[in-house]
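In this note's numbering, the protein residues as written are 442 to 691. Ideal Cβ positions, reconstructed from N, Cα and C, are used throughout, including at glycine. This structure is a prediction, so every number in the text was calculated from the model and none was measured.
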């Protein structure tokens, strides 16, 4: 029996030359040989790919940034609500790296570490708020107000809540290096958004977004606004979901 097994990176093949009267024995030999090669090679390749993918995701998460305008709006909110001294107190309570990132002059067009903003908002909620993340939501409302007064100012007179939330979703990557914000349902007085592949889902930032979306709808004419966050990637969901409903007054 002459047995030739050819293995490539993408496939395992077998070509055999033998007597016509011995197909069954050869089939077993070939299947055993190929199966042995596949079991030995493919799992290792998959493990390496998984490790590389995890490492790339970790780097992307660590390097996630947010535009300086969002950071400045949050700090402005804290200063106006509590005063400069409390703003400095929050900065002083941050770990050294975050304090260094936020302690100097901040340029509105600069990209700053997302983790530093989250640390600042979370520490402010802990020191100046009630520790229940409600201050994070208020900070989000204020940031939306600032955005509508600057970036989205041109759309204010012509947009309704549905249109403005759509525009805000479309501008997500203008402010954030991480994640994709997608409108998955849009109907009168109701819109559902999914935030996918965001580096830091969960408590602090998701509550900030709840406040942000609520204010966007309120400023453009919505009343009795309700923003629900039924699913979060931090809890294992495939994306963070924000379900927004309101009543029109215009």
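Between residue 657 and residue 585 the beta-carbon gap is near 5 angstroms, inside 8 angstroms, which marks them as a contact. In this structure, DSSP gives residue 681 an extended state, which the three-state scheme calls strand. Fully contained in the region 555-605 are the following alpha helix (DSSP H) runs of length 4 or more, in chain order: 555-568 and 575-590.
With a cutoff of 9 angstroms on beta-carbon distance, residue 553 and residue 540 are scored as not near each other.
A Cβ-Cβ distance of about 17 angstroms is found for the pair residue 558 and residue 523, leaving them out of contact under the 8 angstroms criterion. A direct Cα-to-Cα measurement between residue 572 and residue 601 gives close to 34 angstroms. Look at residue 638 here: in three-state DSSP terms it is coil, with no helix or strand label. For the pair residue 685 and residue 667, the CB atoms are nearer than the 9 angstroms cut-off.
Counting every other CB atom within 10 Å of its CB across the protein chains shown gives residue 625 a total below 16, marking it as exposed.
Look at the beta carbons and you see the region 574-590 touching the region 649-664: at least three pairs across the two are nearer than 8 angstroms.
Assignment of beta-bridge partners to residue 632 by DSSP yields 627 and 685. Comparing C-alpha distances from residue 512 to each of 536, 504, 544 and 538 shows the shortest one belongs to 544. Closest in C-alpha terms to residue 687, from the list 528, 629, 519 and 622, comes 629.
Shown here for residue 555: same chain residues with a beta carbon closer than 7 angstroms to its own, the five before and five after excluded, namely 505, 506, 507, 619, 640 and 641 in chain order.
In the DSSP secondary-structure assignment, residue 669 is bridged to 684.
Scanning its chain for C-beta atoms nearer than 8 angstroms, with the 5 sequence neighbours on each side dropped, one finds no residue around residue 537.
Our two residues, residue 564 and residue 516, have alpha carbons roughly 12 angstroms apart in a direct line. Residue 509 carries a helical assignment under DSSP once its states are collapsed to helix, strand and coil. Comparing alpha-carbon positions, the option among 509, 627, 682 and 549 lying closest to residue 638 turns out to be 682. In the three-state reduction of the DSSP assignment, residue 663 falls in the strand class. In terms of Cα proximity to residue 549, the closest of 567, 588 and 576 is 588. In this structure, the alpha-carbon of residue 631 lies about 11 angstroms from that of residue 689.
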